[in-house]
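Residue numbers (the UniProt record's numbering): 1 to 310.
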Amino acid sequence: MKNKIIIGTRSSKLALWQAEYIADCIRQKYPEKTVELLHVTTKGDKVLDVPLAKIGGKGLFTKEIETAMLENKIDIAVHSLKDMPTQLPDGLSLAVVTKRADPYDAFVSIKYDSFAALPKGAKVGTSSLRRKAQLLHARPDLQIQNLRGNVNTRLEKLEQGQFDAIILAAAGLKRLGFGARIREILPKSLCLPAVGQGILAIEARTGDKEMFSLLQFLHDEGAWQAALAERAFLSRVEGGCQVPVGVHAVTDKDVLTVEAVIASLDGTQLLYDKETGPVSSATELGRKAAEKLLDEGGLAIMQEIGLLKD
Ligand SMILES: NCc1[nH]cc(CCC(=O)O)c1CC(=O)O
């Protein structure tokens, strides 16, 4: 049995909060164990001047951490599930996902109370094609401008007056103590969240029975089933987190409902589907939503984006 557990994490404030949170949970559950963090820099942390969609590449925020785990430098890694590719590298698996925090996107602004209050042509900052496409679908007049950097940097840019509003994941804002900056949680009818948004995932070496059983106390069944459905959707539509797709699954006892959208980059086309069925078919429901949307024109949208992506 290991006495010391090393958690690999990125060094952004959000990543550190998340890794510390899991470290604390483990320390409380197993007071006899030492839990340490090891900071790892990923490509996504280094390349800050390029829109995410242009850097592309799977595992932009996870690859270097996964390498450290395969080299036994760390035991487990804590990630936002949203940042994890659907296909994990050989030798690594999802050990557990934790209870979901707020899954939705938040409207943050100094001047305006709500998304609906934005004047014509307002400047909205977000680097996510998913948010951009859905917001433009509702409000084609808006100027959606690129906004990259970690949560703290993005809030600073808003304060400097570069934007009328910015959109960030509510979960990240709340974790970092910025919940009071949220003017409005965007309803899912306006902006469906990203795969896994609000869920923390712990990755471990496949077959590391000790870590898997040690972490079981963090497992949340509802989040796990939602993650299965949402990740099945994403693996079918492909393209990772930087394509204009949103998907959100919720469980209610034995029933799972998954809602999904695929949109064109300019928001003019937006395809929506909703599937409901038994929780035991979470994966099938996610896949079914993907197949339907691809059939109904989603495939053409994805192909067009593929061409645009030089
Ligand atoms: N891509 C960055 C990222 N990854 C996870 C979160 C928020 C936390 C979460 O969704 O669990 C964020 C920030 C954001 O999108 O505003």
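In this text, a Cβ means the ideal position worked out from N, Cα and C, and glycines have one as well.
Measuring only from the beta carbon, is residue i closer than 7 Å to any heavy atom that is part of ligand 1?
i    : result
G59  : no
K99  : no
I185 : no
G43  : The sequence as given places Lys at residue 43; Gly does not occur at that position. Every heavy atom of ligand 1 is 7 Å or more from the Cβ of K43, so no.
I65  : no
G172 : yes
D220 : no
I202 : no
G198 : yes
K82  : yes
V151 : yes
L92  : no
A169 : yes
L129 : no
L142 : no
L158 : no
L118 : no
L299 : no
Is the beta carbon of residue i sitting closer than 8 Å to the one on residue j?
i           : j    : result
residue 311 : L285 : This structure gives no information on residue 311, because the portion of the chain shown stretches from 1 to 310.
residue 311 : G91  : Residue 311 lies beyond the residue range present for the chain, which begins at 1 and ends at 310; the question has no answer from this structure.
Y104        : A170 : yes
K82         : V195 : yes
D266        : L293 : no
A229        : V258 : yes
S109        : R183 : yes
V97         : L200 : yes
D141        : G161 : no
Starting from residue i, follow the alpha helix (DSSP H) in both directions and report where the run begins and ends.
i    : result
G172 : 170-175
L158 : 151-159
K286 : For the record, residue 286 in the displayed sequence is Gly; it is not Lys. Here the alpha helix (DSSP H) through G286 covers 282-293.
Just curious, the beta strand (DSSP E) that residue i is in, first and last residue?
i    : result
Q145 : 143-145
K274 : 270-278
D252 : 245-252
T9   : 4-9
D105 : 105-108
T34  : 34-39
Next item on the list: Taking 8 Å as the threshold, find out whether the segment 108-116 comes into contact with the segment 211-224 through three or more Cβ pairs.
Entry: no
Note to self: Would you call the segment 72-86 in contact with the segment 123-130, where contact means no fewer than 3 C-beta pairs closer than 8 Å?
What the structure shows: no
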